[in-house]
Amino acid sequence: PPAHSHSDWIGPPDKHSNLRPVIFYVSPEESALERQLREARQEAQASNQRFWARHNRAFRQEKEEFIYSRLKAKGLEMRDESGQKATLNAEEMADFYKDFLSKNFKNHLQYNRDWYKRNFRITFLMGQVALVRALRWLRWRKKNVE
Amino acid sequence: GLFVWRLRNTGIRQIPYRFVHLYHVANNRLITFQYFNFLKRMYVTQCNKDLSQQAKPKSDSIVSPFHELQQLDQEKKVVHKISPVSPVHQSWSETSSRNELREIKSAAETEDSVIPVGAESREDRQWKEMKLRLDDLPGILARLSKIKLTALVVSTTSAGFAMAPVPFELTCFLLASLGTGLASCAANSINQFFEVPFDSNMNRTKNRPLVRGQISPLLAVCFALSCGIPGIAVLTLGVNPLTGALGAFNIFLYTCCYTPLKRMSIANTWVGAVVGAIPPIMGWTAATGSLDAGALLLGGILYSWQFPHFNALSWGLREDYSRGGYCMMSVTHPGLCRRVALRHCLALMGLSMVAPVLDITTWTFPIVSLPINLYISYLGFRFYRDADRSSSRKLFFCSLWHLPMLLLVMFTCKKSVLEKEDQGDLPGGSNETAMEIRLP
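Right, here's the structure in full:
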């Protein structure tokens, strides 16, 4: 993002977590409230990134392992003659999906609670900041009119 | 033949009613036209063969807001055939074609990376300033509120309104539609507000406004409040308190029950089915002011319909659900998934039989609707037995045209108010109460 910009910038989705990273603008006249908001958003971003990157990586890895073990059981290799990767059809993969979901169930519950809390807090702080800014602007208007 | 008989029997009084209906249908055509457009050609040709010229606001297929998943996928599947009109259900935004979806799915299965990068445009890979542009706002809000899904929900409500055994009242109809539409926008916005990181991880939903940072969460919540509060107010004050209460309850059910439940237990599907069943009930109560057996029947039909529709759709999305952490029957209880779908296909048949008993339709309704009900039950059985991708797809696509057809047939077989008066037989005094409760 350009140096002179006064707003936040959002980027393309991350390769591992699929989340879009945000670069936050730090105003030189940042109030305590605004700093709280920015830090909350940064923390949430970091926490989300950690969770999803790890989760997706685990998914990919376990999926590979599953395919490998199933193919082995069937007596096939990972790649066939033409060099293409051998795959299992949807029905065979269904067992893996079911397993993976139940294994990570507790993780997701924990993450959900965490995410909802953060989301509400951030939105509430945003509301407070917006209110303060609006009041400030009204006061400035009043002063200018006089 | 059926039609002619009806016209002969209806008195002069009915004609303006029909005319108004036609007028309304013309307006609704805008919405339904899009719907027609994106449905498979099969449905469109059937429509042409249809005798009923009556303008009945066609309710769309499952448009329950919570069934975004289906919607989006459904969109994708049919989009490549016709204009890119996405169903109201979900982010009706840019959708990839069905072929692309298939490619993506196979790619996901074969490749290491779970995210198919091919679908993203160059634009997406750039860094964007998080500044709200006013000229983008309407489009962003439309996507936030899942406007197409909302339109489908509103047409479901109109179906409920149309089936109510009372003379048609224009202002009431418009207010009910407006209120329901606003309530649906609010519910959809809150849903997206809650689901940002999960939406980012699923292909169907990763282009939503909040995910892309086009709008702040604060604005999303403010928008939801500014739609929801006036919406419920319109329903409570402009229509009747019962409809308002139902609307508020539905918003609550969708945002506070269904959305969190999606990640906790498979019970979310049943809750979601109720959310989809309430709009037609709201349409009925808007017209009559009371909760009759007819309203519940209509709600019941929509409730039952959700299951073959959603279960068949979710069969193909198991990977995304598993990775995203969504608890869906198709992943955790596949046998139950198929059983429930079949069960509810049969229930639809049963409910169609009940309609004439409750004096909502004539006895021609179960007879005329029998072929389509049998067909969907047959597909439901095939899905139950085969449990593979092709049978799930067949069932899903059937459900898309089955519901509008069923509701259309139901409307054409509707027992007219005059008939009932002639017979001197007012079921449960519902008509009388309807007359008494004159809506403003």
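Here the protein sequences line up with chains A and Z, keeping their order.
Just so you know, the UniProt record's numbering puts 107 at position 107 of the first sequence, and the rest follows in order with no gaps.
Just so you know, the UniProt record's numbering puts 17 at position 17 of the second sequence, and the rest follows in order with no gaps.
All C-beta atoms in this analysis are idealised placements derived from N, C-alpha and C, irrespective of residue type, glycine included.
Check: Expected contact under 8 Å - CB spacing of Met329 (chain Z) and Val22 (chain A) to nearest Å; Outcome: Actually they are not in contact, since the Cβ atoms of Met329 (chain Z) and Val22 (chain A) sit about 36 Å apart, beyond 8 Å.
Check: Minimum C-alpha distance to Arg125 (chain Z) - residue among A:Pro13, A:Pro2, A:Leu33, A:Met93; Outcome: A:Pro13
Check: Met410 (chain Z) beta carbon less than 8 Å from that of Thr361 (chain Z); Outcome: yes
Check: Chain-order list of residues whose beta-carbon lies under 7 Å from that of Leu141 (chain Z) (same chain, five-residue window excluded); Outcome: Phe223
Check: Under 8 Å by beta carbon: chain Z residues contacting Asn48 (chain A); Outcome: Pro197
Check: Residue range of the unbroken alpha helix (DSSP H) whose run includes Met329 (chain Z); Outcome: 329-332
Check: contact_flag[the segment 183-203 of chain Z, the segment 240-256 of chain Z] where n(CB pairs < 8 Å) is 3 or more; Outcome: yes
Check: The segment 226-238 of chain Z in contact with the segment 265-279 of chain Z per 3-pair CB rule at 8 Å; Outcome: no
Check: Min CB distance residue 446 (chain Z) to chain A below 8 Å; Outcome: Residue 446 (chain Z) cannot be examined here, being either before or after the span of chain Z that is shown, 1 to 440.
Check: Backbone secondary structure at Thr362 (chain Z) - three-state DSSP; Outcome: coil
Check: Arg141 (chain A) Cβ short of 7 Å to the ligand SAH heavy atom set; Outcome: This structure lacks the ligand SAH, and indeed carries no ligand of any kind.
Check: Cβ neighbours of His344 (chain Z) in the same chain (closer than 7 Å, five flanking residues each side left out); Outcome: Ser304, Phe307, Pro308
Check: Which residues DSSP lists as bridging Val22 (chain A), in chain order; Outcome: A:Ile10
Check: Environment of Asp359 (chain Z) [buried if 16+ CB atoms lie within 10 Å]; Outcome: buried
Check: For Asn112 (chain A), the first and last residue of its enclosing alpha helix (DSSP H); Outcome: 105-145
Check: is_contact[Tyr35 (chain Z), chain A] using C-beta, thresh 8 Å; Outcome: For Tyr35 (chain Z), the predicted model reports a pLDDT of 44, less than 50, meaning its position is unreliable; a value from the coordinates is still stated below. No - not a single Cβ of chain A is within 8 Å of the one on Tyr35 (chain Z).
Check: Interface flag, Lys98 (chain A) vs chain Z, CB-CB below 8 Å; Outcome: yes
Check: Near-chain Z residues of the segment 10-33 of chain A - C-beta to any C-beta below 7 Å; Outcome: Ile10, Gly11, Pro12, Pro13, Asn18, Leu19, Arg20, Val22
Check: Inter-residue Cα distance where the pair is Ala130 (chain A) and Leu138 (chain A); Outcome: 12 Å
Check: Limits of the alpha helix (DSSP H) - the one that Pro404 (chain Z) falls within; Outcome: 389-412
Check: Per-residue burial, His108 (chain A) [other beta carbons within 10 Å of its own, 16 or more giving buried]; Outcome: buried
Check: Asn191 (chain Z) burial status per 10 Å Cβ neighbour count (16 or more: buried); Outcome: buried
Check: Reduced DSSP category for Lys146 (chain Z) - H, G, I as helix; E, B as strand; rest coil; Outcome: coil
Check: Lys63 (chain A) - DSSP class collapsed to helix/strand/coil; Outcome: helix
Check: Boundaries (first-last residue) of the alpha helix (DSSP H) holding Ser177 (chain Z); Outcome: 170-194
Check: Any C-beta of chain A under 8 Å from that of Arg204 (chain Z); Outcome: no
Check: Cross-chain neighbours of Ala130 (chain A) in chain Z, by beta carbon under 7 Å; Outcome: Leu218
Check: Three or more C-beta pairs below 8 Å linking the segment 112-125 of chain A and the segment 210-219 of chain Z; Outcome: yes
Check: Nearest neighbour of Gln128 (chain A), chosen from A:Asp8, A:Trp9, A:Asn18, A:Ser31 [CA to CA]; Outcome: A:Ser31
Check: CB contact below 8 Å: Phe66 (chain A) versus chain Z; Outcome: no
Check: Residue(s) in a DSSP beta bridge with Lys128 (chain Z); Outcome: A:Ile10
Check: Minimum Cβ-Cβ distance from Asp114 (chain A) to chain Z less than 8 Å; Outcome: no
Check: C-beta contact flag for Leu379 (chain Z) and Cys398 (chain Z) at 8 Å; Outcome: yes
Check: Proximal chain A residues relative to Asn188 (chain Z), where beta-carbon distance stays under 7 Å; Outcome: Near Asn188 (chain Z) there are no residues of chain A at all, since even the closest Cβ is about 17 Å away, more than 7 Å.
Check: Cβ-Cβ separation, Leu313 (chain Z) to Val365 (chain Z) (assumed contact under 8 Å), whole Å; Outcome: Looking at the sequence itself, residue 365 (chain Z) is Phe, so the reference to Val does not match. The pair is not a contact, with the Cβ atoms about 27 Å apart (cut-off 8 Å).
Check: Glu39 (chain A) (DSSP reduced to helix, strand or coil); Outcome: helix
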